[in-house]
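S.K.:
In the UniProt record's numbering, the protein residues as written are 1 to 1172.
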């Protein structure tokens, strides 16, 4: 078994860090590190073992020639003929021995591939944990997903395959040496033409790599948009923006489709050239040899046919070379992308110092903070071209808009053609955008998109494709404060004043920056003695912390786990402590209505929780962690007033009393209970001190929480006055207790009917991939009119190849077609080689067009189906599972499926052709060939039963890897994990997911070699039958054709078993996409919704009627609304009150039709359950 992820990651981490320290322009070599640290003995033994395997392959033509000589002697002088036992035994055993050594060598390569995937996955995850916030915001999640789902897989697989290129010189020059020995100077024809073909292949491979790189770049863009769309799918559906987001994704997919067409074209051209060029070269070489040496027809079998075996053998390494070139191109592209990510800027490691005053838990002195330098990633050539096209498009649109406004002809406005796009100010863009027509109805709350492309990332790059050096903006300026141990410090400030940034200072997410000159002057004025000897440019503040930290971000971060798992968050479970925590965090009533209490599984991003529940679970997590310092970023804003009062009194000022607490909030009703208050304005501390001290200075707290003047201050006062009304609070609490009693009665029913896990198990098909799946794929490649054309060009090449194999036997037999001269037969043989070449190139074009069509249909159907799926599907399906379809499975269909599909079809046709070729002249051959085919088939069926399930498990095991990674880097995940110092725990969990994936990948790949080994036994038995029967019943010419066919039959049979399983593994990806495209639950279609057209004057008023609405999020869960009926008149202002989880948000979800309703809900007298 391969090494675990933790082991392989540690092996390469040290050397990678050393190589990463090399200064520019010498970028670190990722491949060098991988080979030196993971390769070693595995690659050495693999090459050592492959040498005898190559030897058994090369010796076959020589062995065949010896047997054919004895057959000719037997035909002319029977008394001198002897059966060549030793030669026959070696020839018979050669298929088995070759595959035996191959399988042994590939076992080392398979484990090396697994180690590469594991090590890179661990390294990428570790890197993501230490990225600075600026880098994290500049690296979109689509790119990260591509790295894990595509790049590391390709690197692991292709590196081991490309390593076999070491043996290709042996496989080429040793057979060529035999050809030179037998044919002399004529062999140079073969060598000369192949010398021309190889550089041509290099040119083709460069073109392939170019479009593959472009494909991967556009894949990042598509993944980013797709991830963002499904991350906010509720907002998309509530706003009715599915069509707009679908068009955005399809637009990004359109760029990929162009790349898919070209890299498929160049790849198929590469493969076809290497497969068919040797046939043409063989024909030319044989013709030249016969004509120059004047070989008589009677000697053709002995002099030509065995050597043809060496020429045919030359096609194997040349065919492999095409795949190796493809693999090398993929390795280069993928390793560059992984390397560029691994060298991105990281968080500054600052030595933790204790405060100078032991009474303080935190001291921040004269410090300014920023988010760090953004990564400087140069653009690729494809991105530069795209940038220039976008800039030119935007410039032309601006010229037309300008001319339209001024009534001028755009052609005449030549002076505008030299306008630099980068010189256009943001104010001008805003002005132009505001004058552009909207494509969204005015009723829509969504702002109208501009007709001009938005100032995308391209505006951040110069003409050379290098990221512009932007001046760093400071998040906080000249900050000085301290937090005494055990104190409660409240931070007050308007939106954008820097409250959250102040919390980020203490958890290390934000970096210290040098104070600028103006700030230094202020520092000198404030503290002349301390600053007089310090140089302005060298001054940097400092942060001192004494104690462990618990962190509650402003936007609650909930991971896919049970409620209890989110609260304990890696700590050991202590029942007494746990019960105290849920009591002070007001979670007990919620546990009673949760499906399975605190064991209820929480969906991804907490989809089955209200905002208040998320906030209280996050607060409970902090309290349970029992830390020294608590950073609470506005945890009270997401809960109701009475719940907030409970949290403040029982938790913040109760359970946490004696802890150091920093509370960011604008709820001024609690300010008198704070030990210290910090007032922020414009990212600076305006004032700080106790409440009494600040009031004596005449400071009004209300002016710091909003930027709006007296109207807002009045609202704040009203809020404070209302919250002081104890009677109202008690009344709400009484309602709360009544609902609590009712919930107790329903608890049993909820646990029985709704205690199911919120996250459903991923579907896993059983049995073979159905024929309907294959037919569905075929009809994505073609339509009914082009079906025959496509398969005609697939088949015609194999028909000609089979006929060529048969015709070479005709050339060596004087009695066959005696009216056709010997030289005409040779000419026909040469023409067949030309025909193979021509039809192969036509097949290349048809395959490229077919794959482009297929990829477009597969992706479009998947996207349409998912956007039509109801909200309940997204509540129960992790985002990683969906993204796995759009990244891993779509990538498989884009890059591999058509190549393997075509290859399997041609293999079956090739086997059938070889059997027919031999059976035409020697019908007895069928007595061996047919049973062998049947045994091959049953071997394939036996292996496929196990392999298909392993392959499906392997595909499924990739989803948790992506889900866990997505959770880590989404929202406040990284900040929370780093604040609690749980990086190692989350890394360990990720490594377990990667190990699970790696084990299944290894089983899948090693299973193929197991099948190959057993198949080689059948091949050797088949070869034995041909040699033994051929000795007694066949001429030398026919025996040569039979042995050549037997060799090819054995190889083709072996490849059929391997490639059929490979095809089934790729078809599993298609099947998984097909399931999501056709079998997901669907919302009502647009045609159904629009079946009732509203009046032209609708809506005339904002009337909404709920008519006996009963609502739950999905079957099996308790109802969140029961028999709700109400009328909301036009122009009314409605306030909805209720405790956390009472159903306030559910009223909106019902209105926006996120769930289909049985009873009627009518806005403005139009029934939304039937459509409008």
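We put the beta carbon where it would ideally sit given N, CA and C, even for glycine.
1) Name the two residues that bound the continuous beta strand (DSSP E) containing residue 5.
2) Would you give the residue range spanned by the alpha helix (DSSP H) that residue 870 belongs to?
3) Can you tell me the Cβ-Cβ gap for residue 325 and residue 201, rounded? I've got them flagged as a contact below 8 Å.
4) How is the alpha helix (DSSP H) around residue 29 delimited, first residue to last?
5) Let me confirm a value: residue 48 is counted as buried when at least 16 other C-beta atoms fall within 10 Å, else exposed. Which label applies?
6) Cα-Cα, which of 1016, 363 and 853 is closest to residue 257?
7) Apart from the five residues just before and just after residue 726, which ones in its own chain have a Cβ nearer than 8 Å to its Cβ?
8) Is DSSP giving residue 552 helix, strand or coil here?
9) Could you check if residue 940 is buried or exposed, using at least 16 other CB atoms within 10 Å of its CB as the buried criterion?
10) Can you tell me whether residue 1174 is buried or exposed, with buried defined as 16 or more other CB within 10 angstroms of its CB?
11) Based on Cα-Cα distance, which residue from 1055, 501, 238 and 562 lies nearest to residue 599?
12) How should residue 845 be labelled, buried or exposed, when 16 other C-beta atoms within 10 angstroms of its C-beta is the threshold for buried?
13) Pull the bridge partners of residue 949 from the DSSP assignment, please.
14) Would you identify the three-state DSSP class for residue 891, choosing helix, strand or coil?
15) With DSSP as the reference, identify every bridge partner of residue 586, one or two as the case may be.
16) Just verifying my parser: in three-state terms, what is the DSSP assignment at residue 724?
17) Could you give the first and the last residue of the continuous beta strand (DSSP E) run that contains residue 476?
18) Taking buried to mean at least 16 other C-beta atoms within 10 Å of its own C-beta, is residue 112 buried or exposed?
19) Mapping the DSSP letters down to three states, classify residue 70 as helix, strand or coil.
20) Which of helix, strand or coil does DSSP assign to residue 138?
21) Does DSSP classify residue 569 as helix, strand or coil?
22) Taking C-alpha atoms, which residue in 170, 261, 486 and 609 lies nearest to residue 1232?
23) How would you write the range of the beta strand (DSSP E) that residue 662 sits in, first residue to last?
24) Tell me which residues share the same chain as residue 31 and place their Cβ nearer than 8 Å to its Cβ, disregarding the 5 neighbours each side in the sequence.
25) Cβ atoms of residue 58 and residue 37: under 8 Å apart, would you say?
26) For residue 810, which residues in the same chain have their Cβ closer than 7 Å to its Cβ, ignoring the five residues on either side in sequence?
27) For residue 902, which residues in the same chain have their Cβ closer than 7 Å to its Cβ, ignoring the five residues on either side in sequence?
28) Note down the Cα distance separating residue 231 from residue 143, rounded to an integer number of angstroms.
29) Within this structure, are the beta carbons of residue 629 and residue 549 separated by less than 8 Å?
30) Three or more beta-carbon pairs under 8 Å between the stretch 268–287 and the stretch 825–837, yes or no?
31) Residues bridged to residue 346 by DSSP?
32) In this structure, what does DSSP give as the bridge partners for residue 689?
33) Give every residue of the same chain whose Cβ lies closer than 7 Å to the Cβ of residue 688, excluding the five residues on either side of it in the sequence, and list them in chain order.
34) At a cut of 8 Å, does the stretch 881–901 reach the stretch 854–869 through at least three beta carbon pairs?
35) Would you kindly report the start and end of the unbroken beta strand (DSSP E) that includes residue 513?
36) Among the candidates 945, 590, 84 and 15, whose CA atom is the shortest distance from the CA of residue 1011?
M.R.: Per the coordinate set shown:
1) Translated into positions along the chain shown, residue 5 becomes position 5. Per DSSP, residue 5 belongs to no beta strand (DSSP E); it is in the alpha helix (DSSP H), 5–20.
2) Taking the first residue of the chain shown as position 1, residue 870 is located at position 870. Following the DSSP letters along the chain, one finds residue 870 in no alpha helix (DSSP H), marked with neither H nor E.
3) Here residue 325 is taken as the residue at index 325 of the chain shown, counted from 1. Here residue 201 is taken as the residue at index 201 of the chain shown, counted from 1. The Cβ separation is near 6 Å, so the contact holds.
4) The residue labelled residue 29 in the question sits at position 29 within the chain shown. Counting along the chain, residue 29 falls outside any alpha helix (DSSP H), and DSSP gives it neither H nor E.
5) Numbered from 1 along the chain shown, position 48 holds the residue referred to as residue 48. That one is exposed.
6) Your numbering for residue 257 matches position 257 in the chain shown. Taking only the C-alpha atoms, the option nearest residue 257 is 853.
7) Residue numbering aside, residue 726 sits at position 726 when the chain shown is read from its first letter. Caution applies to residue 726, whose pLDDT of 43 falls short of 50 and renders its modelled position unreliable; the value that the coordinates give is listed next. There are no such residues.
8) On the chain shown, residue 552 is found 552 positions in, with the first residue counted as 1. Strand, per DSSP.
9) Along the chain shown, read from residue 1 onward, the residue named residue 940 stands at position 940. So residue 940 ends up on the buried side.
10) Any property of residue 1174 remains undetermined from this structure, which presents the chain solely from 1 to 1172.
11) Your numbering for residue 599 matches position 599 in the chain shown. Closest option to residue 599, Cα to Cα, is 562.
12) Taking the first residue of the chain shown as position 1, residue 845 is located at position 845. Per the 10 Å Cβ criterion, exposed.
13) On the chain shown, residue 949 is found 949 positions in, with the first residue counted as 1. For residue 949, which the question treats as bridged, DSSP gives no partner whatsoever.
14) Residue numbering aside, residue 891 sits at position 891 when the chain shown is read from its first letter. For residue 891, the three-state secondary structure derived from DSSP is helix.
15) Walking along the chain shown from the start, residue 586 turns up at place 586. According to DSSP, which records beta bridges pairwise, residue 586 is partnered with nothing at all.
16) Taking the first residue of the chain shown as 1, we reach residue 724 at position 724. Its pLDDT being 45, under 50, residue 724 is placed unreliably in this model, and the value from its coordinates should be taken loosely. Here residue 724 sits in coil by DSSP.
17) The sequence position of residue 476 within the chain shown is 476, counting from 1. Residues 474–484.
18) Against the chain shown, residue 112 aligns to sequence position 112. Looking at its Cβ environment, which holds 16 or more other Cβ atoms inside 10 Å, residue 112 is buried.
19) On the chain shown, position 70 is the one that residue 70 refers to. Looking at residue 70 - three-state DSSP - the assignment turns out to be helix.
20) If you number the chain shown from 1, residue 138 lands on position 138. In this structure, residue 138 counts as helix in the three-state DSSP scheme.
21) Here residue 569 refers to the residue found at position 569 of the chain shown. Residue 569: coil per DSSP, three-state reduction.
22) Absent from the model: residue 1232. The displayed extent of the chain is 1 to 1172, so no value can be given.
23) To locate residue 662, count along the chain shown from 1; it is residue 662. 660–664 is the extent of the beta strand (DSSP E) around residue 662.
24) Here residue 31 refers to the residue found at position 31 of the chain shown. 159, 331 and 335.
25) Taking the first residue of the chain shown as 1, we reach residue 37 at position 37. Taking the first residue of the chain shown as 1, we reach residue 58 at position 58. The answer is no: Cβ separation not under 8 Å.
26) As a first step, residue 810 is located in the chain shown; it is residue number 810 there, counting from the start. Cβ within range, chain order: 816, 817 and 825.
27) As a first step, residue 902 must be located in the chain shown, where it is residue number 902. So the qualifying residues of the chain are 794 and 847.
28) Here residue 231 refers to the residue found at position 231 when the chain shown is read from its first residue. Here residue 143 refers to the residue found at position 143 when the chain shown is read from its first residue. Taking the straight line from one Cα to the other gives about 15 Å.
29) As a first step, residue 629 must be located in the chain shown, where it is residue number 629. As a first step, residue 549 must be located in the chain shown, where it is residue number 549. Less than 8 Å divides the Cβ of residue 629 from the Cβ of residue 549.
30) Judged by Cβ distances under 8 Å, the stretch 268–287 makes contact with the stretch 825–837, as three or more pairs qualify.
31) By one-based count along the chain shown, residue 346 stands at place 346. 131, per the DSSP bridge assignment.
32) Translated into positions along the chain shown, residue 689 becomes position 689. According to DSSP, residue pairing for residue 689 in a beta bridge involves 677.
33) Position 688 of the chain shown, counted from the first residue, corresponds to residue 688. Same-chain partners within the cutoff: 481, 676, 677, 678 and 679.
34) yes
35) Position 513 of the chain shown, counted from the start, is the residue given in the question as residue 513. Going by DSSP, residue 513 is part of the beta strand (DSSP E) stretching over 511–513.
36) Here residue 1011 is taken as the residue at index 1011 of the chain shown, counted from 1. Here the closest residue by C-alpha is 945.
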